[in-house]
Structures are given as C-alpha cells and as structure tokens.
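Everything on this sheet refers to the single structure shown next.
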Amino acid sequence: MPALQKATLIAGGGLLLVLLTLSLATGAGVYGADAVFGYLLGQPDYVADDKLAMVVDTLRLPRTLAALVVGASLAIAASLLQSATRNPLAEPGLLGVNAGAVLGLVIGLIYFGVESTRGYLLWSGAGALLGNLLVLGVGLMLGQASPLKLILAGVALGAIFGGLANFLLLSTRVALEQFRFWNLGSLSASSLDAVGTVSPLAVLGLVLATLLCRQLTLMQMGDSQARALGIHTGWVRLGVLAASTLLTACAISLAGPIGFLGFLAAYCARRIEPVALLRQLLFSTLFGMLFLLAADVLSRWLLQPYELPVGTLLAALGAPALIAIVLRGGFRSLLTVR
Amino acid sequence: MTSIPTPSGVWTLRLGGISLLLHRRSWLMFTLLVLVLLGLTVLATSLGSGHLGVRDVIATLTGNGSRLQEIMVFKIRLPRVAAAIIAGLAMGMAGCLIQTLVRNRLATPDMIGVNEGASLAVVVFALYLTLGNWPWWASPLGAALAAAALFALCRRPGEQGYLFIVIGIALSELLGALGDFAMSTQPLAHLGSIYLWTMGHFAGVSYQTVKPVALLLLLLCPLMALVNRPLALLRFGDATAQNLGVKVPLVQLGVLALAIVVAALGTAIGGPVVFIAMAAPILASWLARDNLAPLWLSALCGAVLLLGSDTLVRVLAQPEEIPTGIMTRLLGGILLLGLLLKDRRGAD
Chain A
1 MPALQKATLI AGGGLLLVLL TLSLATGAGV YGADAVFGYL LGQPDYVADD
51 KLAMVVDTLR LPRTLAALVV GASLAIAASL LQSATRNPLA EPGLLGVNAG
101 AVLGLVIGLI YFGVESTRGY LLWSGAGALL GNLLVLGVGL MLGQASPLKL
151 ILAGVALGAI FGGLANFLLL STRVALEQFR FWNLGSLSAS SLDAVGTVSP
201 LAVLGLVLAT LLCRQLTLMQ MGDSQARALG IHTGWVRLGV LAASTLLTAC
251 AISLAGPIGF LGFLAAYCAR RIEPVALLRQ LLFSTLFGML FLLAADVLSR
301 WLLQPYELPV GTLLAALGAP ALIAIVLRGG FRSLLTVR
Chain B
339 MTSIPTPSGV WTLRLGGISL LLHRRSWLMF TLLVLVLLGL TVLATSLGSG
389 HLGVRDVIAT LTGNGSRLQE IMVFKIRLPR VAAAIIAGLA MGMAGCLIQT
439 LVRNRLATPD MIGVNEGASL AVVVFALYLT LGNWPWWASP LGAALAAAAL
489 FALCRRPGEQ GYLFIVIGIA LSELLGALGD FAMSTQPLAH LGSIYLWTMG
539 HFAGVSYQTV KPVALLLLLL CPLMALVNRP LALLRFGDAT AQNLGVKVPL
589 VQLGVLALAI VVAALGTAIG GPVVFIAMAA PILASWLARD NLAPLWLSAL
639 CGAVLLLGSD TLVRVLAQPE EIPTGIMTRL LGGILLLGLL LKDRRGAD
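First to last, the protein sequences are chains A and B.
Under this note's numbering, the first sequence has 128 at position 128, and the numbering climbs by one with no breaks.
Counting from 1 along the second sequence, just add 338 to a position and that's the residue number in this note's numbering.
Written out as structure tokens, the structure is:
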C-alpha cells in the first residue's frame with residue numbers, strides 16, 4: 001500500500017473516532033462525552049441515571065450508528081454504480097435511484113399502510129430496483145462516452161419519479177407532513193430497532209460488493225477485454241444491480257433520500273486509489289461514514305436549537321463540490337485507467 | 339431591372355416602397371395555436387365544481403350570462419386561466435431566448451437554476467421579510483442573482499454544451515436545498531400556499547399578481563421584437579454575426595437580461611412550473627419546421643402547454659388540488675429522457 005493511502009487510512013480512522021465521540025457528546029440534553037462513555041462502559045454511577053439512559057439509547061446512539069450505516073451504504077452503492085457505468089459522476093442521488101426508492105416508499109405508505117422498518121425496506125427496495133434498472137439501461141443505451149448526459153438522464157428519471165410520488169401524496173393527503181421532513185433526508189428519527197433491522201442487510205450488500213470487486217476492476221478495461229479474461233459481464237452487472245439496490249434501500253429506509261454523499265465519498269476514494277476496486281471500496285466506506293457523521297454533527301450544532309436536515313446540508317455542500325469538479329474537468333481523467 | 343425571386347413558403351406584403359416577407363407556415367401555425375388557446379380557455383373555464391357548461395361559458399363571455407355565472411366565470415375561473423396563459427407566454431419566451439442564446443435545447447431557466455433562484459427569493463421574502471402582499475416582485479431579484487452566479491462560473495456557455503447544463507443543475511440543487519430548508523423551519527399549516535406555490539400552483543391566484551406581471555410583460559414586448567432579428571443571426575456563430583453588423587456582446591447581454599426578467603415574471607405568478615420553458619421552443623420549432631424556434635410561436639406554445647397541463651391536472655386530481663408543476667415535471671421528465679436518447683450518438 002502506498003504511503004499516501006496508509007496515511008489516509010490512519011488519519012481517517014483517527015478522525016472517525018473523534019467524530020464518533022463528538023456525535024455522542026452533542027445534541028439535546030446536557031450530557032458530555034464523559035457521561036455518555038461512562039454509561040456505555042457500564043459505570044454504575046452513570047447507569048443509574050435514567051435521563052442519561054434515555055438520551056443515549058433513544059437519541060444519540062441510534063443516530064450515530066445510523067450515520068455509520070447510511071454513510072457506508074451510500075458510498076459503496078455510489079462506488080459500484082461508478083464502476084458499472086464507468087462514469088465518475090454516478091451515485092444513487094444524482095441518477096434518480098433515490099427518487100425511485102422514495103416513490104416505492106410512498107406507494108407502500110399510501111396503498112399498503114406500511115409502518116415497520118421492514119416494510120420501508122421492502123418498498124424502498126422495490127423502488128430502488130426500478131430506478132437502478134432504468135438508470136443502468138439508459139446508461140447502456142447512452143454508451144460510456146457521455147458521463148454528463150447520464151446525469152441529465154438521472155435528472156429526467158428523478159423528475160418522473162418525483163412527479164409521480166408528489167402526485168400520489170398530494171392527491172391522497174396521507175402523511176404529507178411527515179413525508180415533507182423525511183424527504184429532506186435526516187437522521188434525527190432513527191431508532192436502535194431500525195438500525196438493528198437494517199444493518200444485517202447493509203452488511204450483506206457490503207459482502208456482495210467485495211465479491212464483485214475483482215471482476216469489476218477488470219471490466220474497467222472494457223467489456224470485450226473482460227469477457228476474453230473469462231468474466232461473465234452480464235452476471236457481474238446483475239450483482240451490481242442487486243448490491244446497489246440493497247444498499248440504497250438500506251440508506252433510504254433509515255434516513256430518507258440523501259444526495260451527493262455517495263458521489264463525494266466515491267470521488268475522493270477514486271482520487272486516492274484509481275484502479276483496484278477493493279481498496280477503493282475501503283476508502284469510499286471510510287469517507288462515506290466520515291462525511292455523514294461530520295455533516296450530522298454540524299447539522300445539530302449549526303442552528304441550535306433548530307436542526308438543519310442533514311440531506312439539505314449535504315446538498316448545500318455537495319452541489320458546489322460537483323460544480324468545482326465538473327468545471328475542472330477532473331472527471332474525464334478518471335475515466336481512463338492509468 | 340431583374341426582380342429577385344421570392345423564397346418559397348413565404349407571403350410577400352408590399353406597402354409602397356416597403357415589402358415584408360411573412361413566413362407562411364409560421365403564420366398558419368400562429369393562427370392555429372391562437373384558436374387552440376381560445377378553445378382551451380373555454381374548456382378550462384367550464385371545468386370545476388358547480389355546473390357550468392361550455393355553452394354557458396361562451397354566453398357569459400359574450401355578456402349574456404346570469405349574475406351567478408358572471409361571478410363564477412370572471413371572479414373564480416378566469417383569473418386562474420389568465421394566470422396560466424400569462425405565465426406560459428413568459429416561460430415560452432424566456433426558454434426560447436436562452437436556448438437560442440446558448441445554442442442548446444436543454445438550456446432553459448428551469449434547468450439552470452434561474453427559476454429556483456426566483457422562487458427562493460420569493461419564499462425568503464414571504465416567510466421572513468413579510469411586507470404585506472405577495473412578494474412577486476422579489477423573483478427577478480433572485481433570478482438575476484442565480485444567473486449572475488451561473489455566468490460567473492461558465493464564461494462561454496455556447497461552447498460548453500452539457501457541461502453548462504450540469505453546472506446549472508448543480509446550482510439549482512443548491513438553491514432548491516436552501517428553499518427546502520427555509521420552508522422546513524415552519525409547520526405546514528403556517529406555510530399555507532407557499533409550499534404548493536414552490537411546486538408551481540395556480541389555484542387561488544388573483545388578478546392582483548396577474549395584472550402587474552402582464553403589464554410588465556407587455557412593456558418588454560417591443561424590446562423582444564427589437565432583439566429578435568440579431569438573435570436569429572447569432573446562430574451562425576459570433577464571428578459571422580459580427581460581420582453581419584450585430585453588436586455581439588451587447589446583444590448577448592441584452593438578451594440574457596431580458597430572458598432572466600421574463601423568466602422571473604413567469605415564475606412570479608404561479609411558481610416555478612418546470613419544463614414548460616424547455617418544451618415550448620421545441621414544439622414551436624417542430625411546428626414551424628425550422629431549427630430556430632420563432633419567439634412568438636414559442637410563447638404561444640408555452641401558453642398552450644401550461645394551460646393544457648393545468649386543465650389536465652384539474653381533471654385528473656378532482657376533487658383535490660394538485661400543483662400544476664407536478665404534472666409538467668412528470669411529462670417534462672419523459673420529454674427530457676426522450677431527447678437524451680435521441681441525441682445518443684452525440685458526445686458531451
């Protein structure tokens with residue numbers, strides 16, 4: 001492993017610990033890091049404090065864990081989509097997959113009265129599958145020469161899905177008020193139960209992604225080359241479809257649609273490791289968790305006592321980053337394997 | 339003296355020493371669109387709660403209706419129809435101006451963040467700096483700021499193709515996120531109509547906003563007529579246009595400023611109704627069989643499309659009220675996808 005990657009890994013790991021502490025130590029309630037860690041480590045003084053138990057168990061801990069799961073899921077999904085479409089700007093939010101998942105969830109909410117985390121997972125998964133299928137299909141039709149056009153196709157798909165979802169919501173007026181906040185993307189409503197239900201599936205998605213790494217790395221040379229090396233490109237694509245659908249559904253059902261996060265994490269990971277996908281996934285996961293944790297801590301801290309939805313904050317930070325990257329043309333140099 | 343042959347497909351109008359060439363197909367289509375618009379107006383006026391047939395509407399419009407019918411038509415139904423028409427005209431014109439200027443079919447005020455800027459300004463003024471009435475006048479302010487930011491980032495939008503659009507999309511995402519946040523600080527009941535307005539909504543508009551906007555648009559019309567001809571020459575490229583006597587930078591700046599103001603005025607009435615500004619010039623250029631969308635035709639197409647979408651959404655969503663912008667978003671998304679797939683061989 002080159003020195004830069006080692007340094008990034010160590011620094012990133014350290015930063016992750018710092019952010020975890022910060023995330024556990026900030027928020028409603030007067031408790032600082034010492035109290036929270038005392039409670040988590042089972043010190044009798046702190047365990048006896050009911051209020052502290054409530055704050056940690058229902059507010060801070062689920063939120064922190066959810067940030068880790070959602071950040072990792074979105075980042076891995078984005079890395080997979082970027083490799084499969086050979087497009088360094090791809091990610092679930094920008095390509096309209098998130099909007100598809102939201103549409104699925106809205107249909108579940110309105111017509112099937114879904115209320116459990118499992119139901120959310122199922123319906124948002126179905127929507128994400130539809131979105132992924134359409135995006136990958138359009139991507140194949142457009143060809144790899146047009147990374148910018150795929151973004152526009154994502155805008156089009158997002159408009160169609162979003163239009164349908166809003167039409168259904170407003171024509172039935174079910175759960176409009178909750179949906180309005182949920183649709184901005186926020187971690188504030190996460191619970192330990194939900195995190196527990198979602199995490200195994202996210203891990204499954206991660207395992208599937210690591211299994212696909214070697215084949216996807218070789219497929220970056222082009223389909224015919226990869227086939228000559230004995231790779232069943234169709235099966236690999238199917239695997240990418242499954243993994244990214246699963247991961248997107250996990251993220252959506254915990255936090256709502258969060259855009260730009262996957263793109264940023266996967267982009268940074270690609271800058272550090274341009275070729276080998278397994279390492280790229282490692283860095284992408286690390287960055288995804290770091291960015292979302294940092295954004296979530298910021299969102300709690302910036303406008304006290306109000307809370308900024310973390311999806312809004314990430315859009316406000318991610319959009320300028322996208323502009324800068326697109327303007328520099330940096331995404332083109334990443335298309336070719338060095 | 340040999341006479342110059344007139345091009346085909348053109349009517350010649352001679353008044354003494356002056357002769358005017360009228361593009362036959364454009365004028366036919368213009369008349370056709372006006373008729374369609376009139377028909378839609380009557381249809382849209384007759385739809386809704388309370389019985390009012392097409393015949394009653396025509397009778398009322400010609401001054402033979404009962405008192406009740408007059409109130410229904412002139413006080414309740416017609417303001418909405420007029421608002422949709424005026425906003426559609428403005429959007430069609432703004433879309434045509436920017437598309438022609440940037441030489442890109444996808445460069446329209448709703449894609450590149452101008453409309454988002456306009457609606458953000460209105461939301462901020464309406465929520466935090468309440469000054470009595472509906473702050474429709476804030477929208478040109480926000481639109482101009484958004485456009486200034488965009489053109490500071492992209493110096494030569496005519497040569498950047500999809501890059502320009504993607505940057506515009508990122509900008510509109512940013513502005514949209516800010517608008518969402520501004521609204522999320524208030525409960526839905528408190529927001530009232532603003533929430534629906536930000537999606538493009540025409541229910542409950544009154545003449546109070548329609549009138550000043552229509553008046554301003556009318557005042558801008560001579561300017562647009564003035565700019566129409568040099569704008570058509572710009573499509574041959576800056577150098578050729580310069581040789582043909584067009585003051586290129588001046589025209590570009592003027593057209594841009596005009597387009598932004600017109601787009602903002604279109605947004606001011608019913609909110610950012612997306613994709614109308616993209617679809618109208620495309621439809622107009624298809625109708626005129628001309629690559630360059632004629633400005634007036636495009637304006638009429640905008641009005642027909644917007645009024646048509648508004649009527650459609652009213653019929654489909656009865657008895658609920660759904661923002662018109664949601665219907666145009668759905669249809670426009672399909673249009674955009676079709677355009678991209680059609681242009682699949684072209685690189686970025």
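Think of the CB as a built atom: it goes at the ideal place given N, C-alpha and C, for glycine as much as any other residue.
Computed from a predicted model, the values in this text were never measured in an experiment.
Grouping DSSP H, G and I as helix and E and B as strand, with all else coil, what is residue 359(B)? strand
Going by alpha carbons, who is nearest to residue 590(B) out of 458(B), 493(B), 510(B) and 622(B)? 493(B)
Do residue 102(A) and residue 250(A) have their CB atoms nearer than 8 Å? no
Hey, is residue 337(A)'s beta-carbon within less than 8 Å of any beta-carbon in chain B? At residue 337(A), the pLDDT of 40 sits below 50, so the modelled position is not reliable and the matter cannot be decided from this model.
Where does the unbroken beta strand (DSSP E) through residue 350(B) begin, and where does it stop? 348–353
How many whole angstroms separate the CB atoms of residue 195(A) and residue 66(A), which I take to be in contact at a CB cut-off of 8 Å? 5 Å
On the criterion of 16 or more Cβ atoms from any shown chain inside 10 Å, does residue 485(B) qualify as buried, or is it exposed? buried
Just verifying my parser: in three-state terms, what is the DSSP assignment at residue 437(B)? helix
How is residue 274(A) classed by DSSP in three states: helix, strand or coil? coil
Taking C-beta pairs closer than 8 Å, name the residues in chain A that residue 537(B) reaches, listed in chain order. 166
In whole angstroms, what separates the C-alpha of residue 168(A) from that of residue 351(B)? 54 Å
Between residue 346(B) and chain A, is any beta-carbon pair separated by less than 8 Å? no
Report yes or no: is there a C-beta of chain A within less than 8 Å of the C-beta of residue 644(B)? no
Residue ranges of each alpha helix (DSSP H) within the segment 402–452 of chain B, 4 or longer: 405–408 and 416–440
Taking 8 Å as the CB-CB limit, is residue 500(B) close to chain A? yes
Quick check on DSSP: helix, strand or coil for residue 306(A)? coil
Any C-beta of chain A sitting closer than 8 Å to the C-beta of residue 450(B)? no
Would you mind reading off the limits of the alpha helix (DSSP H) that contains residue 182(A)? 176–182
Helix, strand or coil for residue 44(A) per DSSP? helix
Residue 112(A) burial status per 10 Å Cβ neighbour count (16 or more: buried): exposed
Under 8 Å, Cβ to Cβ, is there at least one residue of chain B near residue 131(A)? no
Simplified DSSP state of residue 521(B), which is helix, strand or coil: helix
Residue 15(A) versus residue 5(A): straight-line alpha-carbon distance, rounded: 15 Å
Chain B partners of residue 258(A), CB-CB under 8 Å? None at all; the shortest Cβ gap to chain B is about 11 Å.
Taking its Cβ as the centre, do 16 or more other Cβ atoms sit within 10 Å of residue 457(B), making it buried, or is it exposed? buried
Listed by chain order, chain A residues near residue 518(B) by CB distance under 7 Å: 184 and 312
Proximal residues to residue 269(A) (C-beta, below 7 Å), its chain only, five neighbours per side dropped: 79, 280, 283, 284 and 287
Residue 559(B): which of 386(B), 538(B) and 432(B) sits nearest, CA to CA? 432(B)
When the Cα of residue 367(B) is compared with those of 410(B), 648(B), 443(B) and 631(B), which residue comes out closest? 631(B)
With 16 as the cutoff for other CB atoms within 10 Å, does residue 409(B) come out buried or exposed? exposed
Taking only runs that begin and end inside the segment 62–150 of chain A, name each unbroken alpha helix (DSSP H) of 4 or more residues, in chain order. 97–112 and 117–142
Cross-chain neighbours of residue 424(A) in chain B, by beta carbon under 8 Å: A question about residue 424(A) goes unanswered here, because the residues of chain A that appear run from 1 up to 338.
Just mark residue 43(A) as buried or exposed, buried being the case when its beta carbon has 16 or more other beta carbons within 10 Å. exposed
Mind checking residue 321(B): buried by the 16 CB within 10 Å criterion, or exposed? Here chain B covers residues 339 to 686 and nothing more, so residue 321(B) does not appear.
Would a check of beta-carbon distances place residue 323(A) closer than 8 Å to chain B? yes
Compare the C-beta of residue 678(B) against all C-beta atoms of chain A and say whether one is closer than 8 Å. yes
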